[in-house]
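**Student:** Be aware that the sequence shown starts at 118, since it is given in the working numbering, and climbs by one per residue. Glycine included, C-beta positions come from ideal geometry on N, C-alpha and C. Model, not experiment: these values are computed from the prediction. Below is a structure I'd like to ask you about.
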Amino acid sequence: MSSFSGKSVLVLGGSRGIGAAIVRRFASDGAKVAFTYFSSPDDAQALATETGSEALRADSGDRDFLIALIDSLGPLDVLVVNSGILGAGDPLEIPPDDIDRLFRINIHAPYHSAVAAARHMPDGGRIVFIGSANADRMPMSGLAAYSASKSALKGMVKGLARDFGARGITVNVVQPGPTDTDMNPADGPLKDVMHSFMAIKRHTTSAEVAGLVAYLAGPEAGIITGAAYNIDGGFTA
Ligand code: NDP
118 MSSFSGKSVL VLGGSRGIGA AIVRRFASDG AKVAFTYFSS PDDAQALATE TGSEALRADS
178 GDRDFLIALI DSLGPLDVLV VNSGILGAGD PLEIPPDDID RLFRINIHAP YHSAVAAARH
238 MPDGGRIVFI GSANADRMPM SGLAAYSASK SALKGMVKGL ARDFGARGIT VNVVQPGPTD
298 TDMNPADGPL KDVMHSFMAI KRHTTSAEVA GLVAYLAGPE AGIITGAAYN IDGGFTA
């Protein structure tokens, strides 16, 4: 029997990159997986067909739609909130509405979706956020809102761990360093700068991040909660 056989998993932002690797991992471990997407319907449909999972269109920036969707899915054993945007640029130039949308997707969506999922989650459920090593180290300019949003998740998991701990529900954040995706390609222009901050000078793979998520969502991690795990080649060391 696979380790997630019979488990129901929802991944927010699963169409590409790290989220898609998480969908693949849970599906291959036997879970019933649903995932959301927003701008990439073709990638989402291809992944759903490949993995036998269900693709659901939902903007993580739309709080009420997200809460209603999670309510409609019934009890989830595992919620992974991966959807996130970068919003890099000169803070004097970025439109304030863009920053507010970044906060809605990167901070508000994890909070509201975790609470919505916990309403129906069985005892022993798992909530995992995908944060960033930039919560702990921000060595470049132009990413203040992004790093602030990822730092918020560290406080959020501590509080939610207290809120849901009596039910054995764990809440943790996985903080990747540079990871090879559309957001941060391993052959991108900032590759050498980013690797200069790392002890192991290569991008993380999405599958490596998915492996840590699967561990935290699995039966061996029932006592781990309110914690942040860096997976970053020593970016924060
Ligand atoms: P990508 O940009 O490659 O993929 C982002 C994923 O999030 C896509 O599936 C996208 O779906 C989804 N998404 C984005 N906005 C929304 C939205 N409004 N509603 C629903 N889904 C949305 O990013 P990565 O895979 O690299 O990043 C995934 C997570 O990991 C993010 O939270 C990111 O901050 C974090 N991270 C990434 C690092 C990296 O180096 N790559 C390092 C540290 C953290 P769609 O295209 O369908 O809209």
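1) Have a look at Pro360 and Arg141 and give me their C-alpha separation to the nearest angstrom.
2) In angstroms, rounded to a whole number, what distance separates the CA positions of Phe121 and Arg236?
3) Hey, is Thr166 close to the ligand NDP, as in C-beta under 7 Å from one of its heavy atoms?
4) Report the three-state DSSP secondary structure of Leu333 (helix, strand or coil).
5) In the structure shown, what three-state DSSP assignment does Phe121 receive?
6) Does Leu129 come out as helix, strand or coil in the three-state DSSP assignment?
7) Do you know offhand how far Thr166's Cα is from Val195's?
8) For Gln162, count neighbouring C-beta atoms within 10 Å of its own C-beta (all shown protein chains included) and say buried if the count is 16 or more, exposed if not.
9) Is Gly248 closer than 8 Å to Lys267 when the C-beta atoms are compared?
**Tutor:** This is what the structure holds:
1) With the chain covering only 118 through 354, there is no way to say anything about residue 360.
2) 21 Å
3) no
4) helix
5) coil
6) strand
7) 21 Å
8) exposed
9) yes
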